[in-house]
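This report refers to the structure that appears directly beneath it.
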Amino acid sequence: MNPTQERAIEKLLEKVEKPARYTGGEMNTQVRPWDEAELHFAFCFADTYEIGMSYLGMKILVSLINSLPYMSCERVFMPWVDFRAGLKAEHLPLFSLESRKALSEFDVIGFSLQYEMSYTNILDMLDLGGVPVRAADRGEDAPIVFAGGPCACNPEPLAAFFDAFQIGDGEEMMVEFLDTLRECRRQGLNKNDTLLRLSQIEGVYVPRFYQPEYNDDGTLSAFRRTDERAPETVRRRILKDFSNAFYPDTFPVPYTDIVFDRIVLEIMRGCTRGCRFCQAGMIYRPVRERSMERIIALAEQLEKATGYEEMSLSSLSSGDYSCLKELIVALMDRFQDKRVSVSLPSMRVDNLVKQSLEELSRVRKSGLTVAVEAGTQRLRDVINKGVTEEDVIRSVSDAFDSGYSTVKLYFMTGLPTETDEDLRGIGDLARKVVAAYYAVPKERRAKGLRVTCSASVFVPKPFTPFQWAAQDTIETVMEKQGRLREYLKTKGVTFNWHDSELSFLEACISRGDRRIGEVIYTAWQDGCMLDGWSEHFKYDTWLKAFEKCGLDPAFYANRERSYDELLPWAFIDMGVTQRYLQLENERAKQAKTTRDCRKGCNGCGLQRYEGLCNV
Amino acid sequence: MKMWLIMEKGARIRFIGHLDLMRTMQRALRRSGLPVRYSNGFNPHMLLNAAAPLSLGMPGLREVIEVPVGGDIAPEAFQERLNEALPPDLRCRAVRALPDEHPAPMAMLRAAQYLIELDGDDPGAAVCMSALPGMLAVDVLPAVRKTKTGEKPCDVRPMIYSAEILGPRTICATLALCEAGTLKPDLFLTVLARRAGVEKPGAFITRMQLYAMQDGALTRLEEA
């Protein structure tokens with residue numbers, strides 16, 4: 001930025017809400033001086049600072065990239081509307097927090113894809129940063145723009161905007177990607193040859209080397225390579241030695257409040273439970289644990305480096321960590337004098353032991369959250385959520401008995417085969433939870449019972465057994481939510497539900513093909529962005545965008561696919577096979593559960609990788 | 616024993632609010648491992664005491680923050696270890712060891728010195744600069760102060776200890792800052808602009824120094 005621009009930024013900061021979102025300088029965020037790095041990486045998060053800074057993947061990767069001696073990695077977040085308007089009015093580019101460089105000045109721009117409804121933000125950030133939004137419009141000198149993260153497992157809706165995608169675990173792939181890019185730069189390779197070289201890295205997908213074809217009914221007829229040197233199937237990258245893989249030994253410590261402001265220790269990746277709606281449970285297989293010794297060592301380093309008073313153990317299902325109790329006790333013993341509390345999100349109630357609750361409450365009490373997902377045992381069997389009503393009641397009773405009075409219950413509506421009985425079941429369960437509270441003697445229980453029931457709308461996702469399923473129409477969803485409201489009219493129970501229109505669009509995009517990219521582009525051009533923030537969500541503009549592109553959103557969201565249909569993400573080998581997903585879908589229809597694969601291999605496909613799956 | 620930390624809050628972090636800054640200080644002190652004393656309560660916390668919160672958007676060069684300490688440690692060592700644990704835009708410039716009986720910085724604070732740099736491209740800036748001597752020559756300067764309970768008319772002249780012209784658009788003003796009466800530099804500028812007959816110009820304001828009153832004279836708070 002030149003001095004005039006710098007002054008304009010300072011003036012703008014004085015006028016906006018939460019200016020500290022844009023000023024950087026936080027503890028542990030100092031990077032190499034700009035001129036001392038060979039390649040500059042802009043790590044972009046397509047949502048606000050508070051959201052992005054709470055995301056563990058970003059902490060891992062930014063730290064990893066900055067550990068490479070030739071790299072410098074800076075952060076860029078989606079500006080809030082006021083700052084964005086100011087940037088536009090003053091003709092200022094979107095810039096990085098560390099060195100205040102425009103996005104267009106970087107060599108590489110990486111986006112983390114966490115949520116479909118943040119895709120318009122990606123286009124907006126590129127545009128604000130002075131980078132042509134479409135990959136085809138970016139010349140030889142433009143930055144390489146790529147993306148990774150969970151939503152990259154169906155990259156097609158964003159194929160027009162990105163030069164490449166990283167699919168799978170990033171810790172090793174990122175290093176290979178950047179090493180290769182640096183090598184290509186040194187050899188003076190052009191963009192096409194560079195991307196071809198990158199496409200040879202396991203896990204990397206370069207959309208320009210593939211072309212979809214469609215049938216008259218709109219389904220895919222073929223997905224062909226335009227360059228035979230690109231791999232026919234893109235194999236998801238899987239980290240073999242998770243325990244010893246790169247993990248930051250410092251965390252940035254924001255000055256202002258962010259959503260998760262604490263040390264996060266990823267104790268395990270993957271999950272063996274096999275819930276059929278859960279994309280994370282499928283795409284992060286196999287389950288891999290980090291050793292207790294490593295976790296404790298990281299905890300000590302991170303506590304020293306940050307001064308945080310809270311650490312949480314993170315994974316998809318922390319209760320399944322094989323020596324959880326020993327780990328908690330060890331962490332408590334080590335940090336109690338320093339007044340550091342340990343929290344444990346993602347606990348399943350079927351293995352939640354009273355003792356671990358008591359261990360946790362040695363320092364601080366928080367609420368209990370239980371993901372029940374469905375209201376009846378039948379539907380829980382359909383989705384293979386191996387949780388029973390007894391599990392739920394036992395764990396909330398234990399919690400009430402140990403002095404908790406706040407319980408959150410998470411459900412989904414619109415799951416395959418759902419009936420009125422399943423909705424009534426949610427109400428019944430909520431009442432049983434209330435009864436469990438009153439069953440605890442008055443002098444033992446804490447005052448102020450609060451049971452919150454949250455119902456999200458089921459969104460079928462790629463690489464799950466329900467990837468073929470139709471989502472309920474908006475009308476059905478709203479009607480069901482109305483019924484649920486009735487069924488949950490109980491003293492002490494609060495009911496929250498998700499926006500059905502947002503979930504509908506999420507369903508359209510998550511299983512979208514390459515044509516959806518035009519819808520995203522059109523919606524953004526017509527003013528859509530920050531869609532995940534209800535005050536900025538413009539449903540009608542989205543519908544018009546579909547219309548303008550000649551596409552029917554119901555085709556993507558509400559249509560059941562046949563097993564013969566070529567799915568837009570079929571060219572990716574995620575580890576779990578399509579055959580296994582079909583098998584699971586058939587078992588779901590019969591309400592047959594599948595065992596936790598730690599109890600025996602179910603043949604999901606990961607067994608094809610020698611020595612990878614040790615369960 | 617307690618320590619007075621003389622802190623510089625840099626321009627980059629001028630938008631960090633007071634509570635966020637205090638939390639940043641607490642975390643830095645935790646990281647440093649310095650023998651800071653905690654409150655005795657159900658939820659023990661660090662007893663940090665700032666002389667006066669900085670307005671949002673204003674850097675401060677010699678802010679005073681008091682922290683009680685438990686162990687025996689030299690001020691120089693304290694400063695060094697604290698600086699190692701602080702982010703680069705927040706610096707500890709000096710540390711002074713004091714007995715617990717010494718009054719709290721907030722209780723001694725009477726005034727602050729501000730560097731007011733008017734925007735160069737603001738047409739009202741030059742007019743304001745030339746109106747300054749005239750303003751200081753009067754005995755009464757009526758103004759309206761916004762307080763929590765509403766707008767209050769007041770005379771701000773006694774709250775201006777001094778105001779000097781340092782450059783073509785730079786004023787150095789020492790203004791009252793205490794419970795009995797505070798004149799914020801922003802209101803000072805409003806009054807000046809009104810007398811000059813122009814819109815209040817944009818300005819970058821830095822708090823340079825805090826003062827106590829000793830023997831009828833302003834003395835640097837950090838030394839008082």
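Here the protein sequences come in this chain order: A and B. Numbering-wise (the numbering used here), the first sequence opens with residue 1 and increments by one. Numbering-wise (the numbering used here), the second sequence opens with residue 616 and increments by one. Where a beta carbon is used, it is the ideal one built from N, C-alpha and C, also for glycine. As the structure is a prediction and not an experimental result, all values here were calculated from the model.
- Look at the beta carbons and you see the segment 261–280 of chain A touching the segment 288–307 of chain A: at least three pairs across the two are nearer than 8 Å.
- In this structure residue 795 of chain B does not touch residue 723 of chain B by the C-beta definition: roughly 13 Å separates them, more than the 8 Å allowed.
- Just measuring C-alpha positions, the residue of A:343, A:320, A:611 sitting nearest residue 598 of chain A is A:320.
- Shown here, residue 140 of chain A sits in coil according to DSSP, grouped into three states, outside any helix or strand.
- DSSP places residue 3 of chain A inside the alpha helix (DSSP H), whose first and last residues are 3–15.
- Going by DSSP, residue 514 of chain A is part of no alpha helix (DSSP H) at all; its letter is neither H nor E.
- Rounded to whole angstroms, the gap between the alpha carbons of residue 76 of chain A and residue 309 of chain A is 27 Å.
- With the rule of 3 Cβ pairs closer than 8 Å, the segment 210–217 of chain A does not count as touching the segment 10–28 of chain A.
- The CB of residue 20 of chain A comes closer than 7 Å to the CB of 630, 631 in chain B, given here in chain order.
- Proximity of residue 256 of chain A to chain B, defined by a Cβ-Cβ separation below 7 Å, is satisfied.
- Sequence-distant partners of residue 450 of chain A (beyond 5 residues in either direction) whose C-beta falls short of 6 Å from its own C-beta, in its chain, are 406.
- Residue pairing for residue 762 of chain B: DSSP places it in a beta bridge opposite B:765.
- Of all alpha-carbon atoms in A:581, A:576, A:586, A:580, the one lying nearest the alpha-carbon of residue 609 of chain A is that of A:576.
- Spatial neighbours of residue 607 of chain A in its own chain (CB-CB distance under 8 Å, excluding positions within 5 residues in sequence) are listed in chain order as 601, 613.
- Distance between residue 374 of chain A and residue 545 of chain A, taken at the CA atoms: about 34 Å.
- For residue 672 of chain B, the residues of chain A that pass the 7 Å Cβ criterion are 14, in the order they occur in the chain.
- Within 7 Å of the CB of residue 704 of chain B, the CB atoms of chain A belong to 25, in sequence order along the chain.
- Sequence-distant Cβ neighbours of residue 604 of chain A in its own chain, meaning closer than 6 Å and more than five residues away, are 576, 580.
- Between the beta-carbon of residue 130 of chain A and that of residue 102 of chain A there is about 5 Å, and that keeps the pair under the 8 Å contact cut.
- Below 8 Å, too few C-beta pairs join the segment 656–668 of chain B and the segment 587–594 of chain A to call them touching: fewer than three.
- The C-beta of residue 645 of chain B comes closer than 7 Å to at least one C-beta of chain A.
- Taken through DSSP and simplified to helix, strand or coil, residue 115 of chain A comes out as coil.
- The Cβ atoms of residue 72 of chain A and residue 31 of chain A sit closer than 7 Å to each other.
- Between the alpha carbons of residue 527 of chain A and residue 419 of chain A lies a distance of about 38 Å.
- 7 Å or more divides the Cβ of residue 730 of chain B from the Cβ of residue 769 of chain B.
- Residue nearest to residue 90 of chain A within the set A:562, A:5, A:534 is A:5 (criterion: CA-CA distance).
- At least one beta carbon of chain A lies nearer than 7 Å to the beta carbon of residue 627 of chain B.
- Of the residues assessed, residue 814 of chain B falls on the exposed side of the cut-off, its CB having fewer than 16 other CB atoms within 10 angstroms.
- Interface with chain A (7 Å Cβ-Cβ cutoff): residue 652 of chain B is excluded.
- Near chain B, meaning a CB-to-CB distance below 8 Å, the residues of the segment 290–311 of chain A are 304, 305, 306, 307, 308, 309.
- In its chain, beyond the 5 residues on either side, 618, 649, 710 have a beta carbon closer than 7 Å to the beta carbon of residue 693 of chain B.
- When C-alpha distances from residue 542 of chain A are compared across A:505, A:177, A:515, A:301, the shortest belongs to A:505.
- Taking each of A:156, A:44, A:38, A:415 in turn and checking the Cα distance to residue 68 of chain A, the smallest one comes out for A:38.
- Annotation: the continuous alpha helix (DSSP H) that includes residue 397 of chain A extends over 389–401.
- Taking a C-beta cut-off of 9 Å against chain B, the contacting residues of the segment 25–39 of chain A are 25, 26, 27, 28, 29, 30, listed in chain order.
- DSSP, reduced to helix, strand and coil, places residue 406 of chain A within a strand of the structure shown.
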